[in-house]
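Here's the structure we're looking at; comments come further down.
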Amino acid sequence: MNVKTKKLGNGITNVIINDPKTYNSLSFKTLRDLLNTFTRLDKDDNTRVIILEGSGKGFSAGHNLKEVGGIKNRLNHLKLFNLCSKLMMKIVEGKKPVIAKVHGAAYAAGCQLAASCDLAYSTTNATFATPGVNIGLFCSTPMVAVSRKVTRKIMMKMLLTGDPINAKYAKEIGLINDCFSNKKLNIEVLKIAKKISSKSNLTIKIGKQAFYKQLEMPLGDAYKFTSKMMTVNMASQDAKEGISAFLQKRKPSWKNK
Amino acid sequence: MNVKTKKLGNGITNVIINDPKTYNSLSFKTLRDLLNTFTRLDKDDNTRVIILEGSGKGFSAGHNLKEVGGIKNRLNHLKLFNLCSKLMMKIVEGKKPVIAKVHGAAYAAGCQLAASCDLAYSTTNATFATPGVNIGLFCSTPMVAVSRKVTRKIMMKMLLTGDPINAKYAKEIGLINDCFSNKKLNIEVLKIAKKISSKSNLTIKIGKQAFYKQLEMPLGDAYKFTSKMMTVNMASQDAKEGISAFLQKRKPSWKNK
Amino acid sequence: MNVKTKKLGNGITNVIINDPKTYNSLSFKTLRDLLNTFTRLDKDDNTRVIILEGSGKGFSAGHNLKEVGGIKNRLNHLKLFNLCSKLMMKIVEGKKPVIAKVHGAAYAAGCQLAASCDLAYSTTNATFATPGVNIGLFCSTPMVAVSRKVTRKIMMKMLLTGDPINAKYAKEIGLINDCFSNKKLNIEVLKIAKKISSKSNLTIKIGKQAFYKQLEMPLGDAYKFTSKMMTVNMASQDAKEGISAFLQKRKPSWKNK
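Chains as they are written, first to last, in our numbering: chain C, -2 to 254; chain Z, -2 to 254; chain Y, -2 to 254.
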């Protein structure tokens, strides 16, 4: 397994890409292991929030270029890119919030992976890039995720030059939520994860899944869809409990149904 | 009536949500009153620009939770969320520019209301939040408006934690245009409103309505549509007068037709 | 010809709008000359990157108002706006990266032109505006390009007031990539252009064309499409060479096929 998982308490599960000798490259094997892990955790009642990070020197360097270069037919290249896309879709369409915790480099498909998470935090010296252009292979799939987070001219600059950006700038442009010193990153990410895990995970499931869907709809359709979702949400025990608790000025006690 | 209107001169109409004892909550009654008010002003020849604000301590706390909690069937919840969505669509699809003038809190559907206006200004100590997750009811309809103004990871942080943001940050992320001291807010909003009301309101009507429509189209369709709209606009007396005035270096005199 | 071209070496071609006595207004003639120039350069093997600028006092003031005011029938107005849109689409859909190099004013359709380029750089005292509202003719086609680069409330402020913004702010909101002193702008733009022209232009062609297409697709379709495009890209000699060079730690030698 190129992926490890660790329970951190409070319903927080840590997913660690564990192939440090290839800078956690997203090889066929690692992609499959990640996809299986996210599929499993999506159904795991003891997982309410997921923190995704890389082991060793950094987050992920992207595809494994030795492997990519060794593949000799189109079909297998397509399989690789489709598998990678499937993993990204799984994170977006899953029920549980996923927080990327980035140190070192998040490059190419590694940058896409961080961009695909619901939230992302990094060390202040982390770097992000879509450098495919430097090896003659444009970051076409990575740009799908990144270009939905940052504005177009900034994205084009990254894609056309391949130049990395630093964490402070990544925050400014909306690619990550915030950056912290190496020492503080873990504490800060855990703080956010704990706060989110203290909410009703039924509510969060409904909300996360509605969020990405409504973004792709025209305004009128988005309102029709989310009005239905809020009605479904209101019928849950947790919304009733939450509103009662609010009116009675006490802490809610979630049943997650 | 939970909504008051006031003529401020220069074609500027002030709409005031007036249910301060519930922090201008968006109850069935207030939503209906707002919808009726915006419908009426859209046809009012003496209204060229609308300034929307809340009375009392702040802008609006969102839905009336006592009312929401008291509703016992799905159909009435759906009616409530649909009515709320209808109001938001009315503001977006209306002919007149609407400026939100926010003090205190703009939370949940209140935040959505400010986000739905064409422009928004606030006091420096105003706060904005989508805190539904704290009461087990995800801000699914509010996020439709807010997520079309701010980038995705910032929005997700607001939705998953429920934490409020301050006015300075709301400006940075594009949720509001600017913020001012309590003393200056009124003067600054009036200045903008007057500037806009000095333009041809026929031109602004064509432009505002084209703006939101073209945003939802692919680039090629957006160009076809707006090229037609500019041609319609060019056929108006005001465009002819405006161009003549420009070439003759004099002030234009609008006929609004 | 109201448009000049100049070879700057390294596959960089300079396109200069050359009608300084009308502030490089986008008249029928200038639009046609630009369209022909971009069409020609798109097929020119010696052009890898295009730098677009205005001659004289500034970039472009937008449509030629004398000409627009003199047109007496709708059909010719529609022809003008359609021709202008065709030019903008040509830049977006073309194979070669286009960098706007802006000094002075980029107003109305001139602002649209800068916004339509893949990258944009300006002098620190350049200004940008969508001021059509001041002459009774809303900037409906310009807003198509600009509103796809900047957030909605900022765009609405520009459209409803017609007020210009300065270069520093244009950078903050994502309308341009960066701004430099008059002295440094040329050097900096050339630096970027040279960096981009040093890449495989086959790779850049595939990437640029995929970029704008995937932006208009739902996430799942965008991944399917770009996975195919990456597979096509991988089958090229340049991707193979680029990956080999990377693994062998040497500089790649592009064949552009």
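Just so it is clear, CB atoms sit at the ideal spot from N, CA and C, and this is done for glycine as well.
Remember, it's a predicted structure, so these values are computed and weren't measured experimentally.
Limits of the beta strand (DSSP E) - the one that A259 (chain Z) falls within
The question about residue 259 (chain Z) has no answer, for chain Z in this structure spans -2 to 254.
Is it the case that the Cβ atoms of T148 (chain C) and K146 (chain Y) are separated by a distance below 8 Å?
Against a cut-off of 8 Å, the Cβ pair of K146 (chain Y) and T148 (chain C) comes out as a contact.
Quick check on N70 (chain C): buried or exposed, where buried means 16 or more other Cβ atoms within 10 Å of its Cβ?
exposed
I'd like to confirm the pairing. Which residues does DSSP put opposite L49 (chain Y) in its beta bridges?
Y:V12, Y:A97
Could you tell me which whole alpha helix (DSSP H) segments of length 4 or greater appear in the stretch 54 to 95 of chain Y?
62 to 67, 71 to 90
Just to confirm my understanding: we take C176 (chain C), look at its own chain, exclude 5 residues before and 5 after, and list those with CB closer than 6 Å. What are they?
S119, T121, A164, K168
To the nearest angstrom, report how far apart M226 (chain C) and I203 (chain C) are at their CA atoms.
7 Å
In the stretch 166 to 197 of chain Y, which residues sit with their C-beta less than 7 Å from some C-beta in chain Z, listed in chain order?
none
In this structure, how does DSSP classify K191 (chain Z) when only helix, strand and coil are distinguished?
Note: K191 (chain Z) maps to helix in three-state DSSP.
Euclidean distance between Cα positions of I68 (chain C) and H74 (chain C)
7 Å
Listed by chain order, chain Z residues near M226 (chain C) by CB distance under 7 Å:
S137
With 16 other CB atoms within 10 Å as the buried threshold, where does D30 (chain C) fall?
Counting the other Cβ atoms within 10 Å of the Cβ of D30 (chain C) gives 16 or more, which makes it buried.
Where do the N-terminal and C-terminal ends of the alpha helix (DSSP H) with T127 (chain Z) fall, by residue?
Where T127 (chain Z) is concerned, there is no enclosing alpha helix (DSSP H), given that its DSSP letter is neither H nor E.
Just the chain C side, please: which residues come within less than 7 Å of V143 (chain Z) by C-beta, in chain order?
Within chain C, no residue comes near V143 (chain Z); the closest Cβ sits about 11 Å away, beyond 7 Å.
Counting C-beta neighbours from all protein chains within 10 Å, is the total for D16 (chain C) 16 or more, i.e. buried, or is it exposed?
buried
Taking the beta strand (DSSP E) that D39 (chain Z) belongs to, which residues open and close that run?
Segment 25 to 40 is the alpha helix (DSSP H) holding D39 (chain Z); no beta strand (DSSP E) there.
The stretch 90 to 103 of chain Y: which residues have C-beta closer than 7 Å to a C-beta of chain Z, in chain order?
none
Helix or strand or just coil, what does DSSP make of C312 (chain Y)?
The question about residue 312 (chain Y) has no answer, for chain Y in this structure spans -2 to 254.
If you follow the beta strand (DSSP E) that Y20 (chain Z) is in, where does it begin and where does it stop?
Premise fails: Y20 (chain Z) is in no beta strand (DSSP E) and is neither H nor E.
Inter-residue Cα distance where the pair is I201 (chain Y) and H100 (chain C)
29 Å
Coil, strand or helix - K154 (chain Y) by DSSP
helix
What number of angstroms, rounded off, separates the C-alpha of S24 (chain Y) from the C-alpha of M152 (chain Z)?
43 Å
Which residues in the same chain have their Cβ closer than 8 Å to the Cβ of T34 (chain Z), if we skip the five residues on either side of it in sequence?
Excluding the 5 residues flanking it on each side, T34 (chain Z) has same chain C-beta neighbours closer than 8 Å at V0, T2, V12, in chain order.
Does the stretch 218 to 236 of chain Z come within contact of the stretch 108 to 119 of chain Y, defined as at least 3 CB pairs closer than 8 Å?
no
Contact set between G239 (chain Y) and chain C, taken where Cβ atoms lie within less than 8 Å
Neighbours of G239 (chain Y) in chain C, taken as residues whose beta carbon is under 8 Å from its own, are N131, I132, G133, L134 in chain order.
Contact set between K154 (chain C) and chain Y, taken where Cβ atoms lie within less than 7 Å
L116, N174
Under the three-state reduction of DSSP, which class applies to C176 (chain Z): helix, strand or coil?
strand
How about E64 (chain Z): is its C-beta nearer than 8 Å to some C-beta of chain C?
no
Using DSSP's beta-bridge definition, name the partner residues of K196 (chain Z).
Assignment of beta-bridge partners to K196 (chain Z) by DSSP yields no partner.
Any chain C beta carbon closer than 8 Å to K150 (chain Z)
Judged by the 8 Å Cβ criterion, K150 (chain Z) is in contact with chain C.
Would a C-beta distance cut-off of 8 Å place K205 (chain Z) and S233 (chain Z) closer than the cut-off?
No.
What is the rounded straight-line gap between the Cα of F56 (chain Y) and the Cα of E213 (chain Z)?
29 Å
Between the Cα of V130 (chain C) and the Cα atoms of Y:M(-2), Y:K237, Y:I173, which residue gives the shortest distance?
Y:K237
Less than 8 Å between CB atoms is the rule here; does S233 (chain Y) satisfy it with respect to chain C?
yes
Using a Cβ cut-off of 9 Å, pull out every chain Y residue sitting near K146 (chain Z), in sequence order please.
Chain Y residues near K146 (chain Z): T148, R149, K150.
Under 8 Å between beta-carbons, which chain Y residues line up against Q211 (chain Z)? List them in chain order, please.
S137, M140, V141, S144
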